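As given, the protein sequences belong to chains F and P, one line each in that order. FYI, my numbering numbers position 148 of the first sequence as 148, with every residue one higher than the one before it. FYI, my numbering numbers position 231 of the second sequence as 531, with every residue one higher than the one before it. The beta-carbon is built from N, C-alpha and C at its ideal position, and this holds for glycine as well. For clarity, every value in this text was computed on a predicted model and none was experimentally measured. Data first, discussion second: the structure below is written as structure tokens.
Number of protein chains: 2
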Amino acid sequence: MKRIVVDWGSSNFRAYRFGVEGALIERHQAEAGILTVRDGAFEDALEREIGHWLDPETEILLSGMITSRNGWVETPYLEPPASLSGLATRAVARPARTGARLLFLPGVCNRAPQPDVMRGEEIQVFGAVSPTEDALVVLPGTHSKWVSVRAGAIAGFSTFLTGEMFALLCQHSIIGRLIPPGAAGASNGAFLEGVKLGFSGNPRGLLNDVFTARAGALLGDFMPTEIAERLSGILIGHEIRAGFESAIMPGLTPLLVGEAALIARYAVAFSALGLASAKGPDHAAVEGFRKLGALGASHA
Amino acid sequence: MKRIVVDWGSSNFRAYRFGVEGALIERHQAEAGILTVRDGAFEDALEREIGHWLDPETEILLSGMITSRNGWVETPYLEPPASLSGLATRAVARPARTGARLLFLPGVCNRAPQPDVMRGEEIQVFGAVSPTEDALVVLPGTHSKWVSVRAGAIAGFSTFLTGEMFALLCQHSIIGRLIPPGAAGASNGAFLEGVKLGFSGNPRGLLNDVFTARAGALLGDFMPTEIAERLSGILIGHEIRAGFESAIMPGLTPLLVGEAALIARYAVAFSALGLASAKGPDHAAVEGFRKLGALGASHA
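Structure below.
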């Protein structure tokens, strides 16, 4: 049985073809996320991207927003403890027109102490940790996830709106209006001051902290060119403080997984706070899909 | 000397004409905020709105964003303790073309423990409190202000981005995307649950709390029609918690000043949290301008 894994998110389509021994043979990527697909024509889109891979002997695992309410097949959420094999066994099967077998993976949810959801990030988590490991995996991004892993399974997690909040404040808020067009190259100091303010746990909280990025510039405490870096730091500082507090198992060193530049930015923030962090493996998603592809044969 | 006070903000132009005994004679309001004025033609705009009031015997106090960097004359910020008479004495005088005397009022700033600024809200504060009073004045809104007043003067304050954050999240974020078009009439319960969550001080913080308004709807904990009310509650709950913590003098009952519907909303939130609040006078701004107009003669 040939195995293909498709990571189909809102903006991007990424497909991986694995050999029978589980090695990655080929990959294909396109800006063909589910938001670009009209009238639910997902199967047409799939054939357009990787039609030449889709013979009847093929099993295709699909993950990401393609399995959401706005996707092709909405799958349930797996509750903690959520393991990689649990994901595979809860996949929803559908035949493709070509005769290939489609398996839509579930998402993972958290129900207590707070509701939370992920679709896709769990693959990176499983790619980054070993099947028996305890870990605190941090996936920075638009919606940063702090994932507590116990014995290789997701025990719980929290999402922080950090990256999206930064974009909202820079692009649409009164704070962003002071940022000079094309402002760049602000000092690293502005970012680190923001990180320390956000992490400080001062009682005025986030709604005030972000406003100080405007007020301080108006009062001449710093230059308007520093507002964006300061805002970024404030939000990441808040996330780091809350992330540790939300972790299920205390004392674990955060394992940073994701895009290199963003990981580096977080590593600088942790370091400035005197906190340890570790860099996770590159290509955690591919590794997660490889593991999943290998499992797919036996479980699904 | 005839006295006119102009509250000229980003979106609105409001002018008040007072008699020699300080009684309000006439008012004029237009959607002619400074953002509608092209090429700095503020004097043309002033004459278009209230030109018939502007004879040489007139003194005009101007307040609000018209005194900001994007306005007509940028005035300095008065530092705490900031009194009404301090405002009047620090006004920046300019002759108008008609011979009338323009007085641009300063803003008020806070320098420690955090930078903060206001332009215009201070008038409402002085309108709401007596010249010798201690008070905690809360002005809910796009940028809510919690103002500590000691012996009638502003001793310090904090701004919370509550209203703007609500608009950003509803209109531009992934959370807002789940809100059905035209959703309204959500239960008061959703708002109150949000207030309690936001006020709880749970360690996951605001960046996670707002995401739960999406995740909970996806998991069926509540209906998508409740997301907006829940978000509003979460943000107001965070503001109330942080507002009390930021107050300079403990133990004062918040005096709510501003637009009636918004004040009522906050009063419900305080009540649900078992906290006392009091409703400030209606028309605090007009009363503040009246007091200022009366002072203008002697001080400016």
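Check: Complete runs of the beta strand (DSSP E) confined to the region 455-524 of chain P [at least 3 residues]; Outcome: none
Check: P:Ile601 at chain F interface by Cβ criterion, 9 Å; Outcome: For chain P, the structure presents residues 301 to 600; residue 601 of chain P sits outside this window and is missing.
Check: Spatial distance of P:Cys470 from P:Gly399 (CA atoms); Outcome: 48 Å
Check: Endpoints, the alpha helix (DSSP H) within which F:His52 is located; Outcome: No alpha helix (DSSP H) holds F:His52; DSSP gives it neither H nor E.
Check: Contacting residues, own chain, Cβ-Cβ under 7 Å from F:Gly216 (five flanking each side not counted); Outcome: Phe222
Check: Own chain partners of P:Ala332 with C-beta closer than 7 Å, once the 5 adjacent residues on each side are dropped; Outcome: Phe313, Ala345, Glu349
Check: Integer-rounded CB distance, given that P:Ile423 should sit under 8 Å from P:Ala585; Outcome: 6 Å
Check: Test item: CB-CB of F:Arg204 and P:Pro413 under 9 Å; Outcome: yes
Check: Cβ of F:Thr58 within 9 Å of any chain P Cβ; Outcome: no
Check: Straight-line Cα distance separating P:Gly489 from P:Leu573; Outcome: 13 Å
Check: Near-chain P residues of the region 205-231 of chain F - C-beta to any C-beta below 7 Å; Outcome: Gly205, Leu206, Leu207, Asn208, Val210, Phe211, Thr212, Ala215, Gly216, Leu218, Leu219, Asp221
Check: Cross-chain neighbours of P:Glu539 in chain F, by beta carbon under 7 Å; Outcome: Leu207
Check: DSSP three-state assignment for F:Glu79, whether helix, strand or coil; Outcome: coil
Check: P:His599 versus F:Arg241 - alpha carbon distance; Outcome: Per-residue confidence for P:His599 stands at a pLDDT of 44, beneath the threshold of 50, marking its modelled position as unreliable; no derived number is given.
Check: Reduced DSSP secondary structure (H/G/I, E/B, other) of F:Thr67; Outcome: helix
Check: Helix, strand or coil at P:Gln414 [DSSP, three-state]; Outcome: coil
Check: Where P:Trp308 falls, given that 16 or more other Cβ within 10 Å makes a residue buried; Outcome: buried
Check: 8 Å contact criterion, which F:Pro140 and F:Leu256 should meet: CB distance rounded; Outcome: 7 Å
Check: Endpoints, the alpha helix (DSSP H) within which F:Glu26 is located; Outcome: Note, F:Glu26: premise wrong, no alpha helix (DSSP H); beta strand (DSSP E) at 24-30.
Check: Separation of P:Phe404 from P:Met365, as counted between CA atoms; Outcome: 10 Å
Check: Reduced DSSP category for F:Asp134 - H, G, I as helix; E, B as strand; rest coil; Outcome: coil
Check: P:Leu575 classed as buried or exposed, judged by whether at least 16 other C-beta atoms fall within 10 angstroms; Outcome: exposed
Check: Residue span of the beta strand (DSSP E) that contains F:Arg17, given as start and end; Outcome: 13-18
Check: P:Met465 at chain F interface by Cβ criterion, 9 Å; Outcome: yes
Check: Element boundaries [alpha helix (DSSP H), containing P:Ser444]; Outcome: That residue, P:Ser444, is in no alpha helix (DSSP H); its beta strand (DSSP E) goes 444-450.
Check: Short CB-CB distance (under 9 Å) between F:Arg111 and chain P; Outcome: yes
Check: Neighbourhood of F:Glu74 by C-beta, 7 Å cutoff - its chain only, sequence neighbours within 5 removed; Outcome: Thr67, Ser68
Check: Coarse secondary structure for P:Ile563, derived from DSSP in three states; Outcome: helix
Check: Chain-ordered chain P contacts of F:Pro115 [CB-CB under 7 Å]; Outcome: Thr512, Ala515, Gly516, Leu519, Asp521
Check: Chain-ordered chain P contacts of F:Tyr77 [CB-CB under 9 Å]; Outcome: Leu518, Leu519
Check: N- and C-terminal bounds of the beta strand (DSSP E) containing F:Arg94; Outcome: 92-95
Check: CB contact flag (F:Asn208, P:Leu461, <9 Å); Outcome: yes
Check: Member of P:Gly593, P:Leu595, P:Ala594, P:Phe589 whose CA lies at the smallest distance from the CA of P:Ala428; Outcome: P:Phe589
Check: Residues, ordered as in the chain, of the region 543-562 of chain P that lie near chain F by beta-carbon distance below 8 Å; Outcome: Glu545, Ser546
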